[in-house]
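J.: Here it is, the structure, as structure tokens.
Number of protein chains: 2
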Amino acid sequence: MRDVAIVGAAITKFGELWQQSLRALAVEASLAALKDAGVDHVDALYVGAMSGGLLVGQEHLGALLADALGQSHIAATRVEGACASGGLALRQGFLAVASGAAEVVLVTGVEKMTDVDGVVATDVLATAADQEWEAMHGVTFPGLYAMMARAHMQRFGTSARALASVAAKNHAHGIKNPQAQFALRLTADDVLSSAMVADPLHALECAPISDGAAALVLVPATKAMQLSKRLVVHIAASAQAGDTMMLAGRASLSELAGVARAGALAYQQAGKGPTDIAVCEVHDCFTIAEIMATEALGFFEPGQAAAAVEAGVTSLGGRLPINTSGGLKARGHPVGATGVAQAVEIVTQLRGEAGARQVAGARVGMTQNMGGTGATAVVHILEVR
Amino acid sequence: MRDVAIVGAAITKFGELWQQSLRALAVEASLAALKDAGVDHVDALYVGAMSGGLLVGQEHLGALLADALGQSHIAATRVEGACASGGLALRQGFLAVASGAAEVVLVTGVEKMTDVDGVVATDVLATAADQEWEAMHGVTFPGLYAMMARAHMQRFGTSARALASVAAKNHAHGIKNPQAQFALRLTADDVLSSAMVADPLHALECAPISDGAAALVLVPATKAMQLSKRLVVHIAASAQAGDTMMLAGRASLSELAGVARAGALAYQQAGKGPTDIAVCEVHDCFTIAEIMATEALGFFEPGQAAAAVEAGVTSLGGRLPINTSGGLKARGHPVGATGVAQAVEIVTQLRGEAGARQVAGARVGMTQNMGGTGATAVVHILEVR
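Quick note, the sequences are listed as chains F and V, same order. So for the first sequence, the working numbering puts the first residue at 27; every next one is plus one. So for the second sequence, the working numbering puts the first residue at 27; every next one is plus one.
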């Protein structure tokens with residue numbers, strides 16, 4: 027396989043964007059990424075989106091976006107894996123370049139979730155769970171992650187305050203991100219005094235419903251230097267694994283086995299380990315998800331992540347800053363865009379262009395994106411050499 | 027890129043399958059393909075499906091199927107490009123093996139369209155068109171293809187009877203396919219006397235709404251011989267291209283430029299031309315689509331395909347049998363399954379196992395799958411060597 031590099035990266039503002047359609051958001055991010063890369067054509071396009079059908083009545087988003095970009099002749103493919111759709115699109119784009127099938131690939135993640143008619147976003151998100159064995163019985167994602175949180179608390183003594191600290195940290199990071207949906211200062215007490223959604227998870231522990239898009243331009247590493255004046259970011263690993271669709275099928279509710287598998291594969295591909303990672307974006311759809319993901323990725327022993335968050339280890343300025351973008355919690359979570367947005371943040375960090383939220387000297391970063399309760403897990407390691 | 031071979035192929039009965047859920051259909055085809063290949067594990071899974079969300083309220087079909095197959099740990103990805111979803115899934119599976127990312131890949135196409143609640147299948151299919159510029163104004167796919175048919179008639183003098191002959195031929199083929207949804211003998215007169223759906227297209231010129239699944243197992247060609255006792259079918263070309271999403275954006279309504287582009291790429295990859303193809307499955311969602319596709323693929327000059335159909339050139343026993351399976355028209359069209367089902371038919375033909383519909387001595391075959399009115403176009407060339 028060829029070495030693959032990211033030469034363009036861009037993201038829209040995330041939020042309730044009443045003035046912009048799904049198409050407009052995807053185009054905005056895509057054009058900005060192409061401009062960033064300094065290219066005016068692509069061979070192939072991968073679009074990550076979870077549910078254009080249910081949310082805005084539009085499937086076939088690959089062809090839609092290619093056409094809107096004036097590139098209707100190219101190979102354009104939509105990829106879906108629930109909230110991991112963006113990460114999967116990045117991985118398919120990586121494979122297209124690595125295999126030699128394409129030279130310049132655009133990867134765009136997008137979701138339009140707030141301006142929808144006749145559906146409730148949380149019901150659409152529930153189609154990422156097993157409809158017949160989970161959602162049909164009334165449980166939606168806050169309930170599923172609440173069960174995981176309870177199991178983690180019971181097994182490791184994880185406190186409600188430690189969970190709330192994840193949200194407080196990510197909002198503190200989000201204040202430094204101009205694209206973030208909720209750039210507001212929150213203390214753990216604020217989080218703990220917000221409405222209980224699914225015990226033990228409070229409203230301010232849940233990622234929001236968002237509109238937004240993010241995009242990347244991928245080329246063979248050998249071409250990257252000629253093509254772009256930007257610092258070249260290499261994809262050192264692109265790994266994917268899975269877990270049972272249903273929570274009920276798992277040996278343990280307090281760990282993310284699929285994420286652990288994808289992480290191990292990624293470390294193996296890159297020839298690196300957890301201590302090599304300088305900055306990481308994880309899939310904090312709920313506070314407990316960040317705790318469990320950082321344990322699955324080997325940054326902390328099982329049961330130790332909560333204490334690390336409270337000690338500031340994962341804050342900006344700490345040993346391993348996690349979710350410098352604000353994460354899904356503060357930056358926002360337009361589900362199909364998230365996996366791509368995570369990579370945009372790491373590219374920005376590795377280029378040294380993250381401004382107020384820059385992790386000094388970061389040369390290796392990671393993204394961890396997942397669908398459902400981790401049934402789809404994608405991990406990328408990015409690196410400047 | 028590594029040479030890739032198909033070592034397993036299977037298909038369910040297509041039809042109104044009230045007893046089987048989407049999951050059950052996908053599992054049935056997948057297990058049969060794995061059995062056919064003689065393998066008991068896979069590294070990765072690609073699922074082609076157009077709209078699990080709108081049709082049965084279930085997204086995240088990659089993880090769902092992997093779990094149902096007892097392979098929840100693997101990389102499982104859903105791919106969507108409207109009615110080309112199956113062809114795109116095959117192409118992504120091809121890239122995964124060709125790139126070296128995976129050794130054994132399962133590709134499953136599936137759609138459950140008849141047993142749905144609260145939606146009308148034709149409205150779901152319309153999400154493959156441009157919602158804001160086409161579907162919102164009331165046009166659905168019979169109307170879009172009717173406009174293409176009118177343009178073709180006006181430019182080339184194509185007759186209504188020639189279009190009807192496509193349906194008659196495909197039903198004649200379908201009678202010889204035990205998996206076909208509508209194995210019934212129809213004459214061109216029967217077709218012409220059926221209800222007019224969108225002038226000039228009659229009800230019996232439109233592919234049906236169907237449930238069904240099909241699956242393939244892909245491995246590196248170097249492994250195929252050791253792994254399988256079956257005749258090895260090589261993927262000589264896997265090509266994809268596009269066209270405008272909207273019909274209104276095209277230079278001509280009477281040709282499929284995206285299909286022509288994908289076809290030309292496929293011939294180039296395989297080092298072959300139209301006269302090398304012994305048997306071909308094309309995307310006859312409407313009778314006019316088969317006429318236009320066979321012209322775009324270079325089998326006939328523009329405007330000449332209709333006469334060829336009427337002369338029996340594309341019938342079993344003719345020079346180039348098209349849609350020996352019965353095509354979308356008679357075999358059925360569970361949209362996400364179709365692109366995979368086409369490849370299952372060609373594998374069956376190249377193995378010499380097509381029974382009453384066998385094309386004698388066929389060694390090279392082609393599949394052509396498209397989404398929308400050809401905005402997504404996928405062409406594969408398969409070969410026994």
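Every residue gets a Cβ at the ideal spot worked out from N, C-alpha and C, and that includes glycine.
For the beta strand (DSSP E) holding residue 202 of chain F, just list the boundary residues, first then last.
T.: Counting from one through the first sequence, the residue named residue 202 of chain F turns up at place 176. Note, residue 202 of chain F: premise wrong, no beta strand (DSSP E); not H, not E.
J.: Determine the burial state of residue 234 of chain V: buried for a count of at least 16 other Cβ atoms within 10 Å of its Cβ, exposed for fewer.
T.: Residue mapping note: residue 234 of chain V aligns to position 208 of the second sequence, counting from 1. Buried is the call here.
J.: If contact is defined by three or more beta carbon pairs under 8 Å, each pair taking one atom from either stretch, is the region 119-138 of chain V in contact with the region 237-254 of chain V?
T.: The region 237-254 of chain V vs the region 119-138 of chain V: in contact.
J.: Could you check where the beta strand (DSSP E) with residue 237 of chain F kicks off and where it finishes?
T.: For the purposes of this step, residue 237 of chain F is taken as the residue at position 211 of the first sequence. That run of the beta strand (DSSP E) goes 237-246.
J.: With 16 as the cutoff for other CB atoms within 10 Å, does residue 373 of chain V come out buried or exposed?
T.: Stepping through the second sequence from its first residue, residue 373 of chain V is reached at position 347. By the neighbour-count rule (16 or more Cβ atoms within 10 Å), residue 373 of chain V is buried.
J.: Is it true that the CB of residue 71 of chain F sits closer than 8 Å to the CB of residue 92 of chain F?
T.: Taking the first residue of the first sequence as position 1, residue 92 of chain F is located at position 66. Taking the first residue of the first sequence as position 1, residue 71 of chain F is located at position 45. Cβ atoms of residue 92 of chain F and residue 71 of chain F: closer than 8 Å.
J.: So which residues of chain V does residue 412 of chain F contact, with C-beta pairs closer than 9 Å?
T.: Lying outside 27 to 411, the shown extent of chain F, residue 412 of chain F is not represented and no answer is given.
J.: By how many angstroms is the C-alpha of residue 196 of chain F removed from the C-alpha of residue 231 of chain F?
T.: Counting from one through the first sequence, the residue named residue 231 of chain F turns up at place 205. Counting from one through the first sequence, the residue named residue 196 of chain F turns up at place 170. Rounded to the nearest angstrom, the two C-alpha atoms are 10 Å apart.
J.: Can you pull the DSSP bridge partners for residue 17 of chain F?
T.: Here chain F comprises residues numbered 27 to 411, so residue 17 of chain F is not present and cannot be evaluated.
J.: Check whether the region 171-188 of chain F and the region 97-106 of chain V are in contact - that is, three or more C-beta pairs closer than 8 Å.
T.: No, the region 171-188 of chain F does not touch the region 97-106 of chain V.
J.: Let me see if you follow: with CB-CB separation under 8 Å, is residue 174 of chain V close to chain F or not?
T.: If you number the second sequence from 1, residue 174 of chain V lands on position 148. Output row for residue 174 of chain V: interface = no.
J.: Does the beta-carbon distance from residue 385 of chain F to residue 409 of chain F come in below 8 Å?
T.: Against the first sequence, residue 385 of chain F aligns to sequence position 359. Against the first sequence, residue 409 of chain F aligns to sequence position 383. No.
J.: Hey, quick one: how far does the beta strand (DSSP E) through residue 224 of chain V stretch, first residue to last?
T.: Residue mapping note: residue 224 of chain V aligns to position 198 of the second sequence, counting from 1. Where residue 224 of chain V is concerned, the enclosing beta strand (DSSP E) stretches over 222-224.
J.: Hey, could you find the ends of the alpha helix (DSSP H) residue 178 of chain V is sitting in?
T.: In the second sequence, the residue the question calls residue 178 of chain V occupies position 152. Run containing residue 178 of chain V: 167-182, per the alpha helix (DSSP H) assignment.
J.: If contact means a Cβ-Cβ distance below 8 Å, which residues of the region 392-405 of chain F contact chain V?
T.: Flagged, chain order: 397, 398, 401, 402.
J.: Would you please state the rounded distance, in angstroms, between the beta carbons of residue 270 of chain F and residue 84 of chain V? I believe it to be under 8 Å.
T.: If you number the first sequence from 1, residue 270 of chain F lands on position 244. If you number the second sequence from 1, residue 84 of chain V lands on position 58. No, residue 270 of chain F and residue 84 of chain V are not in contact; Cβ-Cβ is about 15 Å, not under 8 Å.
J.: Name the chain V residues that come within less than 9 Å of residue 269 of chain F, Cβ to Cβ?
T.: As a first step, residue 269 of chain F is located in the first sequence; it is residue number 243 there, counting from the start. Within chain V, the residues near residue 269 of chain F are 89, 93, 98, 99.
J.: My parser needs the beta strand (DSSP E) runs of 3 or more residues fully inside the region 242-289 of chain V; what are they?
T.: You should have 259-268.
J.: Would you mind stating whether residue 340 of chain V and residue 380 of chain V have Cβ atoms separated by less than 8 Å?
T.: Residue 340 of chain V sits at position 314 when you count from the first residue of the second sequence. Residue 380 of chain V sits at position 354 when you count from the first residue of the second sequence. Taking 8 Å as the Cβ cut-off, residue 340 of chain V and residue 380 of chain V do not qualify as a contacting pair.
J.: Let me confirm a value: residue 369 of chain V is counted as buried when at least 16 other C-beta atoms fall within 10 Å, else exposed. Which label applies?
T.: The residue given as residue 369 of chain V occupies position 343 in the second sequence. Answer is buried; the Cβ neighbour count reaches 16.
J.: Quick one: give me the first and last residue of the beta strand (DSSP E) that residue 103 of chain V is part of.
T.: Taking the second sequence and counting its residues from 1, one reaches residue 103 of chain V at position 77. From DSSP, the beta strand (DSSP E) with residue 103 of chain V extends over 101-106.
J.: Quick one: is residue 86 of chain F near chain V, going by C-beta distance under 8 Å?
T.: Locating residue 86 of chain F in the first sequence gives position 60, where the first residue counts as 1. Interface residue, yes.
J.: Can the beta-carbon of residue 82 of chain V be found closer than 8 Å to that of residue 142 of chain V?
T.: In the second sequence, the residue the question calls residue 82 of chain V occupies position 56. In the second sequence, the residue the question calls residue 142 of chain V occupies position 116. Yes, they are a contact pair.
J.: For residue 114 of chain F, return the contacting residues in chain V, with the cut-off set at a CB-CB distance below 7 Å.
T.: Numbered from 1 along the first sequence, position 88 holds the residue referred to as residue 114 of chain F. Result: 103.
J.: Relative to chain F, which residues along the region 141-161 of chain V have a C-beta separation below 7 Å, given in chain order?
T.: Per Cβ criterion, the list reads 153, 154, 156, 157.
J.: Any idea what DSSP makes of residue 303 of chain F, helix, strand or coil?
T.: Your numbering for residue 303 of chain F matches position 277 in the first sequence. Looking at residue 303 of chain F - three-state DSSP - the assignment turns out to be coil, as it is neither helix nor strand.
J.: Taking all protein chains shown into account, decide if residue 156 of chain F is buried (16 or more other Cβ within 10 angstroms of its Cβ) or exposed.
T.: The count along the first sequence starts at 1 and reaches residue 156 of chain F at position 130. Buried, because 16 or more other Cβ atoms sit within 10 Å of the Cβ of residue 156 of chain F.
J.: For residue 350 of chain V, name the three-state secondary structure that DSSP assigns.
T.: Along the second sequence, one-based indexing puts residue 350 of chain V at 324. Residue state, collapsed to three classes: coil.
J.: Could you tell me whether the region 396-405 of chain V touches the region 265-284 of chain V, using the rule of 3 or more Cβ pairs below 8 Å?
T.: Yes, the region 396-405 of chain V touches the region 265-284 of chain V.
J.: Check each candidate in F:133, F:282, F:216, F:367 and name the one with the smallest Cα separation from residue 203 of chain F.
T.: In the first sequence, residue 203 of chain F corresponds to position 177, counting from 1. Per the Cα distances, F:367.
J.: DSSP has residue 227 of chain F in a bridge; who is on the other side?
T.: Translated into positions along the first sequence, residue 227 of chain F becomes position 201. Answer by DSSP bridge pairing, in chain order: F:224.
J.: According to the Cβ coordinates, are residue 460 of chain V and residue 227 of chain V closer than 8 Å?
T.: Nothing in the structure corresponds to residue 460 of chain V, since chain V is present only between 27 and 411.
J.: According to a CB-to-CB cut-off of less than 9 Å, which residues of the region 303-316 of chain F neighbour chain V?
T.: The residues in question: there are none.
J.: Please classify residue 163 of chain F: is it buried, with 16 or more other beta-carbons within 10 angstroms of its beta-carbon, or exposed?
T.: As a first step, residue 163 of chain F must be located in the first sequence, where it is residue number 137. It is exposed - the Cβ of residue 163 of chain F has fewer than 16 other Cβ atoms within 10 Å.
J.: Which of the three DSSP states is assigned to residue 394 of chain F in this structure?
T.: Counted from its first residue, the first sequence places residue 394 of chain F at position 368. Strand at residue 394 of chain F.
J.: Evaluate residue 260 of chain F with the Cβ neighbour count: other Cβ atoms within 10 Å of its Cβ, from every protein chain shown; 16 or more gives buried, anything less gives exposed.
T.: Translated into positions along the first sequence, residue 260 of chain F becomes position 234. The residue in question, residue 260 of chain F, is buried, as its Cβ has 16 or more Cβ neighbours within 10 Å.
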